[in-house]
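The sequence shown: position 104 = 104 (full-length UniProt numbering), numbered continuously.
Single-structure report; data block below.
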Amino acid sequence: MPAHPRRGGEQRLPAGGPKDRDGDGVLDNADKCPDQPEDKDGFEDEDGCPDLDNDLDGIVDGTDKCPNEPGPLQNLGCPIVDKDGDGLNDDKDKCPDEPEDKDGYQDDDGCPDLDNDSDGVPDAQDKCPNESGPQENGGCPDPDRDGDGVVDRLDACPDDPGVKEERGCAKQYKMVIVKKDRIEIKKQILFGTGSAKIIGKQSTTILDEVAQALKDAPWIRKMRIEGHTDSMGNDTANLKLSQKRADAVMAQLLKRGIDPGRMEAVGFGETKPVAPNNTKAGRALNRRTEFNVIRQ
Numbered sequence: 001m002p003a004h005p006r007r008g009g010e011q012r013l014p015a016g017g018p019k020d021r022d023g024d025g026v027l028d029n030a031d032k033c034p035d036q037p038e039d040k041d042g043f044e045d046e047d048g049c050p051d052l053d054n055d056l057d058g059i060v061d062g063t064d065k066c067p068n069e070p071g072p073l074q075n076l077g078c079p080i081v082d083k084d085g086d087g088l089n090d091d092k093d094k095c096p097d098e099p100e101d102k103d104g105y106q107d108d109d110g111c112p113d114l115d116n117d118s119d120g121v122p123d124a125q126d127k128c129p130n131e132s133g134p135q136e137n138g139g140c141p142d143p144d145r146d147g148d149g150v151v152d153r154l155d156a157c158p159d160d161p162g163v164k165e166e167r168g169c170a171k172q173y174k175m176v177i178v179k180k181d182r183i184e185i186k187k188q189i190l191f192g193t194g195s196a197k198i199i200g201k202q203s204t205t206i207l208d209e210v211a212q213a214l215k216d217a218p219w220i221r222k223m224r225i226e227g228h229t230d231s232m233g234n235d236t237a238n239l240k241l242s243q244k245r246a247d248a249v250m251a252q253l254l255k256r257g258i259d260p261g262r263m264e265a266v267g268f269g270e271t272k273p274v275a276p277n278n279t280k281a282g283r284a285l286n287r288r289t290e291f292n293v294i295r296q
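In structure tokens:
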């Protein structure tokens, strides 16, 4: 007997013929799930079983943007793409076609950093890949032992501060010598007897050169002007006199354009002799002004 069409176009199976209980078009004798209709989504439709999660990624096909490709929920069921295989998903990878070099420097952007410190020396050849330095020094920063701003590699006097014009050596002056811990004066600044008044052309020349030396040596960040006396007279009076003389020297350097923040004046009186006070020559040596570097 021919099959009679049902309403809606469905085929009515002939009585006594093969059964299709769930009406999914797969006969019961071939239907692995005869009581559950196949979902007809183009995925394994011939077995008669509904496949609610084709790719078995835990996201039902109705909400899965990629139902036939497994992917995490945060990516709506679609696979995460990482074309360059660097472990960073393409949607977060600024360089999706170039793998990150994983050297601990900006590894989260997905881009290889072949010269971390941008010094022109590739990291593969750079002995200090995260500190910029010239190629001549293997990509490492140039040391400057004496702190004069001239790197050791170019410094003719690497252990003694100097100036660039002298290849890192101290600039030569007539009356002063610049050393790492002090500005040494070849002769003494002269004062009136028992006075803080500076006298003599020699003193003027020394002050001019000390001021110029400070301008030429910016590495000297702080200098202490020290006033010293011999032991003749009253201890307290000598201490006050030495302070006044140190203050007078500082005032002259201020007039010559030296920043007050780079100087301090301290009087020590007779407390720091450099020679015995029982001779005229010794006392003359003890009456002195010193310029000591206290901060570089």
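Glycine included, each C-beta is placed from N, C-alpha and C at the ideal position.
Checklist line | First and last residue of the uninterrupted alpha helix (DSSP H) at E69 | finding: By 1-based counting over the sequence shown, the position of residue 69 is 69. E69 -> no alpha helix (DSSP H), and no H or E assigned at all.
Problem set entry | Candidates Q135, L214, P79, of which the one nearest N292 by Cα | For the purposes of this step, residue 292 is identified with residue 292 of the sequence shown, where counting begins at 1. Among Q135, L214, P79, the Cα nearest to that of N292 belongs to L214.
Reduced DSSP category for E264 - H, G, I as helix; E, B as strand; rest coil: For the purposes of this step, residue 264 is taken as residue 264 along the sequence shown, with counting starting at 1. Looking at E264 - three-state DSSP - the assignment turns out to be strand.
**Item:** Classification of D86 by the beta-carbon crowding that lies within 10 angstroms, buried from 16 upward
**Value:** Here residue 86 is taken as the residue at index 86 of the sequence shown, counted from 1. So D86 ends up on the buried side.
Worksheet item: Below 8 Å between beta carbons: does that hold for I294 and K222?
Response: For the purposes of this step, residue 294 is taken as residue 294 along the sequence shown, with counting starting at 1. For the purposes of this step, residue 222 is taken as residue 222 along the sequence shown, with counting starting at 1. Result yes, Cβ atoms of I294 and K222 sit closer than 8 Å.
Next on the checklist: For R7 and D97, what's the separation of their Cα atoms in angstroms?
Outcome noted: Numbered from 1 along the sequence shown, position 7 holds the residue referred to as residue 7. Numbered from 1 along the sequence shown, position 97 holds the residue referred to as residue 97. Because the pLDDT of R7 is 48, which lies under 50, any placement of that residue in the model is unreliable, and the number read from its coordinates should be weighed accordingly. Rounded to the nearest angstrom, the two C-alpha atoms are 57 Å apart.
Notebook entry, point to check: Less than 8 Å separating the beta-carbons of C66 and G77?
Noted result: On the sequence shown, position 66 is the one that residue 66 refers to. On the sequence shown, position 77 is the one that residue 77 refers to. Closer than 8 Å, so yes.
Q. Where do the ends of the beta strand (DSSP E) carrying K180 lie?
A. One-based indexing of the sequence shown puts residue 180 at position 180. No beta strand (DSSP E) holds K180; DSSP gives it neither H nor E.
Among C49, R21, I258, F268, which one has its Cα closest to the Cα of K240? Locating residue 240 in the sequence shown gives position 240, counting from the first residue. Minimum Cα distance to K240 is reached at F268.
_For V293, list the residues DSSP reports as bridge partners._
Within the sequence shown, the letter at position 293 stands for residue 293. M223.
- Message: Among the candidates G133, A217, D103, whose CA atom is the shortest distance from the CA of I258?
- Response: Mapped onto the sequence shown, residue 258 falls at position 258. Minimum Cα distance to I258 is reached at A217.
Name the one or two DSSP bridge partners that L190 has.
In the sequence shown, the residue the question calls residue 190 occupies position 190. According to DSSP, L190 bridges with I199.
Query raised in the report: Between the stretch 224-236 and the stretch 277-287, do three or more beta carbon pairs fall short of 8 Å?
Result: yes
How would you label G147, buried or exposed, when you count the other beta carbons within 10 angstroms and need 16 or more for buried?
Along the sequence shown, read from residue 1 onward, the residue named residue 147 stands at position 147. It is exposed - the Cβ of G147 has fewer than 16 other Cβ atoms within 10 Å.
Checklist entry - Just checking my contact of R153 with E136 at CB under 8 Å: how many whole Å lie between their CB atoms? => result On the sequence shown, residue 153 is found 153 positions in, with the first residue counted as 1. On the sequence shown, residue 136 is found 136 positions in, with the first residue counted as 1. Confirmed, Cβ separation roughly 7 Å.
Point to revise | DSSP-derived helix/strand/coil call for V176 | key: Counting from 1 along the sequence shown, the entry for residue 176 is found at position 176. Looking at V176 - three-state DSSP - the assignment turns out to be strand.
>> Classify F43: buried if its beta carbon has 16 or more other beta carbons within 10 angstroms, exposed otherwise.
In response: On the sequence shown, residue 43 is found 43 positions in, with the first residue counted as 1. Counting Cβ neighbours within 10 Å, F43 comes out exposed, since fewer than 16 surround it.
Helix, strand or coil for residue 310 per DSSP? As shown, the chain starts at 1 and ends at 296. That puts residue 310 outside it, with no answer to give.
Enclosing alpha helix (DSSP H) for L125 [first to last residue]: Position 125 of the sequence shown, counted from the first residue, corresponds to residue 125. Sequence check: residue 125 is Gln here, not Leu. Where Q125 is concerned, there is no enclosing alpha helix (DSSP H), given that its DSSP letter is neither H nor E.
Practice task
Please classify G269: does DSSP put it in a helix, a strand, or coil?
Solution key: Here residue 269 is taken as the residue at index 269 of the sequence shown, counted from 1. DSSP places G269 in strand when its eight states are reduced to three.
Own chain, CB closer than 7 Å to I127, minus 5 neighbours either side, in chain order: By 1-based counting over the sequence shown, the position of residue 127 is 127. A quick correction: the sequence has Lys, not Ile, at residue 127. The residues are G138, G139, C140.
Check your understanding: Relative to the alpha-carbon of D235, which residue among A211, T271, R224 has its alpha-carbon at the smallest distance?
Key -> Within the sequence shown, residue 235 is the residue found at index 235, counting from 1. That would be T271, whose Cα lies nearest to the Cα of D235.
Return the residue from the list G200, D208, P143 that minimises the CA-CA distance to Y173. Working through the sequence shown from its first residue, we reach residue 173 at position 173. Checking every option, the nearest Cα to that of Y173 belongs to D208.
Query - Own chain residues within Cβ distance below 7 Å of I59, not counting five before or after - result: Taking the first residue of the sequence shown as position 1, residue 59 is located at position 59. Answer for I59: D53, L73, G77, listed in chain order.
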